[in-house]
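Have a look at the structure below before the remarks.
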Amino acid sequence: MKTALPFCRGFPAQSRCYLRPVLPRACQPRPFANSTRRWNGSSTKKASGPESNANPSNGPFWTTGRALILAALASSAAYALASSRETPPLKINAAGQQPQYGSMQDFEKSLGLTRVFQAIAELRAKLGEDAISTDEDDLHEHGYSEWSSVNADRLPVAIAYPKSTEEVSEIAKVCHKYRMPMVPYSGGSSLEANFSAPYGGMTIDFAHMDRILELHPDDMDVVVQPSIQWMDLNEQLKESGLFFPVDPGPSAKIGGMVGTNCSGTNAVRYGTMKDWVINLTVVLADGRIIKTRRRPRKTSAGYNLTGLFVGSEGTLGIVTEITLKLAVIPEETRVGVVTFPTMRDAASAAMQIIRKAVPVQSMEILDEVQMNVINRAGGTGRTWKESPSLFFKFSGTHAQVADSIRLTKDVVQQNCASSFEFARNEEEAHVLWSARKQSLWSMLALRKEGSEVWSTDVSVPISRLPDLIELSKKELDDLGLFASLLGHIGDGNFHESIMYNRHDPEEKERVEKCVYNMVDRALEMEGSCTGEHGIGLGKKESLLKELGPDTINVMRSIKLALDPHWLLNPGKIFDFSESKPTDASGLEAARLAGAKKASVFPNDHCMVKNKLGIEYCIPNISYLSLTQSIDKNEEECT
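According to the UniProt record's numbering, the stretch in the sequence shown is residues 1 to 638, in order.
Structure (structure tokens):
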């Protein structure tokens, strides 16, 4: 049974949230909650044998599949109903009176679910039956992530599988017509529920859009689709002598990398995703297709729309094609690992290497707990010294690499380095670097029944990273938590992975305290609440702390200009309502603005039509429950 925490950061006061919930496949999602922290429960396996093949008419009507799909449909339909001016509202006859449903058909009719079925049928007619899935396992896979720090407690209504930008445009047009939320999905490896579906709707999976469309080797750029994996891209580029240098986790795909503006181990030399995107093809909320700019490396033509969409987590548009810069594969690459007595020694050495302008390609820091975890998981094929460690990559000509190694050895020896190991060939280099790439997966592999791992990240100016690491490690020890620390120390990005017992409420509370203390600590050091994981559902309150309400409301204005109905990945980065408290209800805010007619959305959002017939949004409203929204939908403003 889920136990509510005494404090729930990052979520509206009206919602209940839980520490890292798992949504078992056999459990019906609660239709009208917001989002919940992860908990874990055992999945109920499908029955086998004669009973499972019995005539459905002889069994109960409410099967697991029907319950899941109905809950998802109800969620999306309620969102569409509240967002649409054409749909007649559900009328409640008296205050507090609840409607009575005599059958599933009455329930569907009362919530306008026919609109959802119409949308799915229309898309199947346009794209083919196989292009839209409502399979129970498919919905669960696209609505829940076992390694995300937070999960929504609802699932998408359906999964669309487009094969081209034009098909994505058709999906967007239909979803816009029926006011269905749209959630882009590429690799499904995000850690902040960036691809979850808190309002149901249509998840758009780019599984069939995973190709290189154009390669321009002389210009050193490539045009790709969103579902290509960065490692697969580099494998295909190898013969051209070029590569794409941004290297997050092995499962990451280009679409999600654009959405979160991710980085990776090469960031100290090559920068982050935003530095490598030339242009984007984007499908807007209403189905229009735009290209953010043309292909030259340099332009000052108009606004930087490319930069606007990179890092927007699919809330402004659906990215379907990406033009990426490429780099030349270095003549030589060497990998090494150095161990130190303390994390402070390792971090200090890294800072000195940066100040001496040693041209390292990668520089990663792992603490002794992380090295122990890697040994216990056994995924790298060797045993590591369980001490704070710096992992290096050096690349360039043979002479450049040799000089970089010499300079690095001088620095680390001045900082109490206890060992220095270099790979002698490509096979050894792969093994050495696998320790860094296997870090999170090693921690996940050690989970026992009842345990979970919370992984989070922050970033700070690089000069403050040693302080942040030391203070965070001390707090973890003081709280008695089992956690590993690692980071892209070359650009100030730092990660914690904390293992805890989900059945222990007191331990869960300590974990949450530790996570948010680390964020607050980073902000005090002029840092950011996230370096590469993104905001998603889990860090909305932290973003408000970091930037303040005025900056968030500027972002909200951009969102409203591109997506006035809040259909694109709603609930991510920030909520509907303005970041300032107000006593006015949604309808009162509409009246104060001189609106003639208002539609109140299910989560702090009011769409109004003024006397000239122009529809726009007033976000500065207080919370209204879904029942109130349906009851007062389309109410005249006098």
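Glycine included, each C-beta is placed from N, C-alpha and C at the ideal position.
Annotated as distal: residue 516 and residue 507, with beta-carbon spacing of 7 Å or more.
Taking a contact to require three or more Cβ pairs closer than 8 Å, the stretch 242-259 and the stretch 215-228 qualify as touching. Taking C-beta atoms under 8 Å as the contact rule, residue 330 and residue 395 qualify, at a distance of about 4 Å. Beta-bridge analysis with DSSP links residue 552 to no other residue.
In this structure, residue 162 sits away from residue 318, with a CB-CB distance that is not shorter than 7 Å. For residue 324, the enclosing beta strand (DSSP E) starts and ends at 318-325. The beta carbon of residue 133 sits closer than 6 Å to those of 159, all from its chain and outside the five residues before and after it, given in chain order. Per DSSP, reduced to three states, the secondary structure at residue 243 is strand. C-alpha of residue 339 to C-alpha of residue 451: approximately 30 Å in a straight line.
Assignment of alpha helix (DSSP H) within the stretch 245-285, counting only whole runs of 4 or more residues, yields 254-260 and 267-270 in chain order.
In this structure, residue 283 and residue 320 form a Cβ contact; the two beta carbons are roughly 6 Å apart against a cut-off of 8 Å. The beta-carbon distance between residue 169 and residue 289, rounded to whole angstroms, is 5 Å. This is short enough to meet the 8 Å contact definition. In terms of Cα proximity to residue 203, the closest of 335, 155 and 128 is 155.
Residue 539 carries a coil assignment under DSSP once its states are collapsed to helix, strand and coil. Setting aside the 5 residues that flank it on each side, residue 341 is surrounded in the same chain by 416, each with a C-beta closer than 6 Å to its C-beta; the list follows chain order. Residue pairing by DSSP places residue 204 opposite 160 and 184 in a beta bridge. Taking C-beta separations shorter than 7 Å and ignoring five residues to either side along the sequence, the partners of residue 479 in its chain run 510 and 514, following chain order.
Unbroken alpha helix (DSSP H) stretches of 4 residues or longer found wholly inside the stretch 442-525: 465-479 and 505-524, given in chain order.
DSSP places residue 289 in the strand class (E or B) of the three-state scheme. In chain order, 277, 278, 279, 280, 292 and 293 place their CB closer than 8 Å to the CB of residue 306, counting only its own chain and leaving out the 5 sequence neighbours on each side. A residue is called buried when at least 16 other Cβ atoms come within 10 angstroms of its Cβ; residue 436 meets this threshold and is buried.
Of all alpha-carbon atoms in 287, 200, 491 and 523, the one lying nearest the alpha-carbon of residue 350 is that of 491.
Apart from sequence neighbours up to five positions away, the residues of its chain that approach residue 313 with a beta-carbon distance below 8 Å are 194, 259, 260, 534, 535, 536, 569, 572 and 573, ordered along the chain. In the DSSP assignment, residue 229 is bridged to 253. When the beta-carbon positions are compared, residue 266 and residue 361 come within less than 7 Å of each other.
Excluding its 5 nearest sequence neighbours in each direction, residue 274 has C-beta neighbours in its own chain below 8 Å: 261, 307, 310 and 311, listed in chain order. Taking C-alpha positions only, residue 216 is separated from residue 247 by approximately 21 Å. The continuous stretches of alpha helix (DSSP H) do not include residue 333, which lies in the beta strand (DSSP E) extending over residues 332-339. In the pairwise beta carbon analysis, the stretch 378-385 is classified as touching the stretch 429-444: at least three pairs are separated by under 8 Å. In the DSSP annotation of this structure, the continuous segment of the alpha helix (DSSP H) that includes residue 141 starts and ends at 136-143.
The three-state reading of DSSP puts residue 301 in coil, since its state is none of H, G, I, E or B. Taking the CA atoms as reference points, residue 375 sits about 6 Å from residue 383. In this structure, the beta-carbon distance from residue 408 to residue 353 falls below 7 Å. Beyond the five residues adjoining it in sequence on each side, residue 192 comes within less than 8 Å, by CB distance, of 148, 149, 150, 530, 533, 534, 535, 536, 537, 538 and 539 in the same chain, given in chain order.
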